[in-house]
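Comments concern the structure below.
In the numbering used here, the protein residues as written are 231 to 487.
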């Protein structure tokens, strides 16, 4: 009977340890030390001031609580250095990984464009910065595997109802193919700019081109994120991102640069 009791105790202890390891984290806990704060804004300000941590592309973060929760889970559940990330060596405790990040000046987020952005995309919304894109759905260019969008004056964008803008007919079930318009290549973005106003965006920007402009997002999580970012000194009173040394505030096209 005594043996059964010992086995039960060991099993219960194992379950308790697992439950403690997977316990919910608090986004108001500092990622790099044991400090806890009353608000997202104050913990973000603390991490910026004490640990030189800057949230990448802060102006476009629409779920700050979710972002900090996720990062805390990586640190507190996975014992993972945020800079070493998947290259991180194994640590045996939260204190150990936090000490490593402080000692090695790794109190920063690995955020390489086109590699790490997708990991955090659920916490961001970059569409607000694309003032040059209209609400039209952007069609994919099947042959090239790239996305098309209209830039500038769209008065001729709908000319294809009966004929292409360059004069090629599109009637008759598509039997007459339009002439290929003259194109130029944008040296900065790599986009193909057609004479009729179309722009063939590089495939690396596909995730950007698929987004549409929208009215200001007033969801509770978005409003709370903006208020916390403003409290932490990331944003001005008008909601504009405040440039600070060491931060990452890429122009949107720079995501693919």
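Glycine included, C-beta positions come from ideal geometry on N, C-alpha and C.
Do you know offhand how far residue i's Cα is from residue j's?
{"i": "residue 338", "j": "residue 254", "result": "22 Å"}
{"i": "residue 273", "j": "residue 351", "result": "22 Å"}
{"i": "residue 313", "j": "residue 328", "result": "11 Å"}
{"i": "residue 296", "j": "residue 257", "result": "8 Å"}
{"i": "residue 310", "j": "residue 260", "result": "14 Å"}
{"i": "residue 365", "j": "residue 456", "result": "Caution applies to residue 365, whose pLDDT of 42 falls short of 50 and renders its modelled position unreliable; the value that the coordinates give is listed next. C-alpha separation (whole angstroms): 24 Å."}
{"i": "residue 459", "j": "residue 321", "result": "31 Å"}
{"i": "residue 355", "j": "residue 268", "result": "26 Å"}
{"i": "residue 307", "j": "residue 325", "result": "12 Å"}
{"i": "residue 264", "j": "residue 292", "result": "26 Å"}
{"i": "residue 315", "j": "residue 348", "result": "15 Å"}
{"i": "residue 300", "j": "residue 353", "result": "10 Å"}
{"i": "residue 305", "j": "residue 330", "result": "11 Å"}
{"i": "residue 294", "j": "residue 334", "result": "26 Å"}
{"i": "residue 284", "j": "residue 278", "result": "6 Å"}
{"i": "residue 454", "j": "residue 290", "result": "13 Å"}
Compare the Cα-Cα distances from residue i to each of the options and report the closest residue.
{"i": "residue 341", "options": "460, 256, 288", "result": "288"}
{"i": "residue 332", "options": "321, 282, 349, 257", "result": "282"}
{"i": "residue 266", "options": "302, 334, 330", "result": "302"}
{"i": "residue 317", "options": "336, 325, 293, 299", "result": "336"}
{"i": "residue 298", "options": "315, 319, 279, 271", "result": "271"}
{"i": "residue 280", "options": "454, 348, 262", "result": "262"}
Taking residue i as part of the alpha helix (DSSP H), name the residues at either end of that continuous run.
{"i": "residue 304", "result": "294-306"}
{"i": "residue 333", "result": "324-333"}
{"i": "residue 277", "result": "270-281"}
{"i": "residue 352", "result": "Here residue 352 belongs to no alpha helix (DSSP H), and DSSP marks it neither H nor E."}
Here's the rule: buried if 16 or more other CB atoms are within 10 angstroms of the residue's CB, otherwise exposed. What is residue i?
{"i": "residue 276", "result": "buried"}
{"i": "residue 323", "result": "exposed"}
{"i": "residue 286", "result": "buried"}
{"i": "residue 407", "result": "Reliability fails at residue 407, whose pLDDT of 44 lies under 50, so the model's placement of it is uncertain and the value that follows must be treated cautiously. Burial call: exposed."}
{"i": "residue 319", "result": "exposed"}
{"i": "residue 376", "result": "Summary for residue 376: the model assigns pLDDT 36, below 50, so the residue's position carries little reliability; its value from the coordinates is reported in the next sentence. Buried: at least 16 other Cβ atoms inside 10 Å."}
{"i": "residue 410", "result": "Annotation note: pLDDT 41 at residue 410 (below 50); position unreliable, coordinate value reported separately. That one is exposed."}
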